[in-house]
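**Student:** Residue numbers (the numbering used here): 16 to 182.
What follows is the structure, given as structure tokens:
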């Protein structure tokens with residue numbers, strides 16, 4: 016049986032602040048244990064989103080995509096996602112919106128409600144360490160995630176998305 020909430024984090028730990036997604040998920044796993052939510056939440060991490068991630072969305076009631084972002088203001092942005100076509104997509108490096116569209120195509124139904132948590136990052140070169148600013152932003156995003164985990168309801172998340180949207 017699949018867990019109702021899926022959290023997918025993407026990023027490359029070898030590229031400075033691109034490690035924000037995987038580091039977020041690592042620390043979120045600890046938070047899930049503290050909140051006794053391991054039975055309700057499935058955590059997945061990968062270097063990038065691919066077509067196959069659409070299958071991971073099946074039988075979920077809610078999904079959260081987490082990644083580093085340069086377009087958002089510090090410390091993070093939280094937005095509701097909608098399926099979107101991308102005529103240039105391949106089998107690698109999809110956006111969360113395209114993954115939702117792939118889900119719609121292969122299942123002939125709407126995907127579960129999905130959101131994106133973009134944690135502001137600044138340095139992304141191969142071999143860079145996580146920046147000091149990104150560490151602060153990661154802490155803020157984790158504190159926000161605590162709120163999400165205690166209220167995993169679409170209406171609550173929609174309201175929060177109105178408050179934290181800035182992409």
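Just so you know, even glycine gets a beta-carbon here, dropped at the ideal spot from N, CA and C.
For residue 68, which residues in the same chain have their Cβ closer than 6 Å to its Cβ, ignoring the five residues on either side in sequence?
**Tutor:** Once the five neighbours on either side are set aside, the close Cβ partners of residue 68 are 114.
**Student:** Nearest CA to the CA of residue 95: which residue from 85, 88, 19 and 81?
**Tutor:** The option with the nearest alpha carbon to residue 95 is 81.
**Student:** Determine the contact status of residue 20 and residue 56, defining contact as a CB-CB distance below 8 Å.
**Tutor:** A contact, by the Cβ cut-off of 8 Å.
**Student:** Which residue marks the beginning of the alpha helix (DSSP H) containing residue 171, and which one marks its end?
**Tutor:** It spans 169-179 - the alpha helix (DSSP H) in which residue 171 sits, taken as one unbroken run.
**Student:** As a quick exercise: from 154, 176, 164 and 171, pick the residue whose alpha carbon is nearest that of residue 22.
**Tutor:** Residue 164 is the option with its Cα nearest to residue 22.
**Student:** Flag this pair as yes or no: are the beta carbons of residue 146 and residue 140 separated by less than 8 Å?
**Tutor:** The answer is no: Cβ separation not under 8 Å.
**Student:** Could you pull out every residue in the same chain whose Cβ sits closer than 7 Å to the Cβ of residue 98, ignoring the five residues on either side in sequence?
**Tutor:** Taken in chain order, the residues that qualify are 112, 115, 116, 119 and 126.
**Student:** Within the region 106-163, note down every full beta strand (DSSP E) run reaching 3 residues or more, in order along the chain.
**Tutor:** Here the runs fully enclosed are 129-135.
**Student:** What separation, rounded to the nearest whole angstrom, lies between the Cα atoms of residue 90 and residue 24?
**Tutor:** So the alpha carbons of these two residues sit roughly 17 Å apart.
**Student:** Need the endpoints of the beta strand (DSSP E) that residue 41 sits in, please.
**Tutor:** Here residue 41 belongs to no beta strand (DSSP E); instead the alpha helix (DSSP H) covers 35-49.
**Student:** Would you mind giving the Cβ-Cβ distance between residue 132 and residue 79, rounded to the nearest angstrom? I have them listed as a contact below 8 Å.
**Tutor:** Right, their Cβ atoms sit about 6 Å apart.
**Student:** Considering residue 54, what are the terminal residues of the beta strand (DSSP E) in which it resides?
**Tutor:** Taken as a continuous stretch (DSSP letters only), residue 54 belongs to no beta strand (DSSP E), as it is neither H nor E.
**Student:** Alpha carbon to alpha carbon, how far is residue 160 from residue 42? Give it in angstroms, no decimals.
**Tutor:** Computed Cα separation, rounded: 10 Å.
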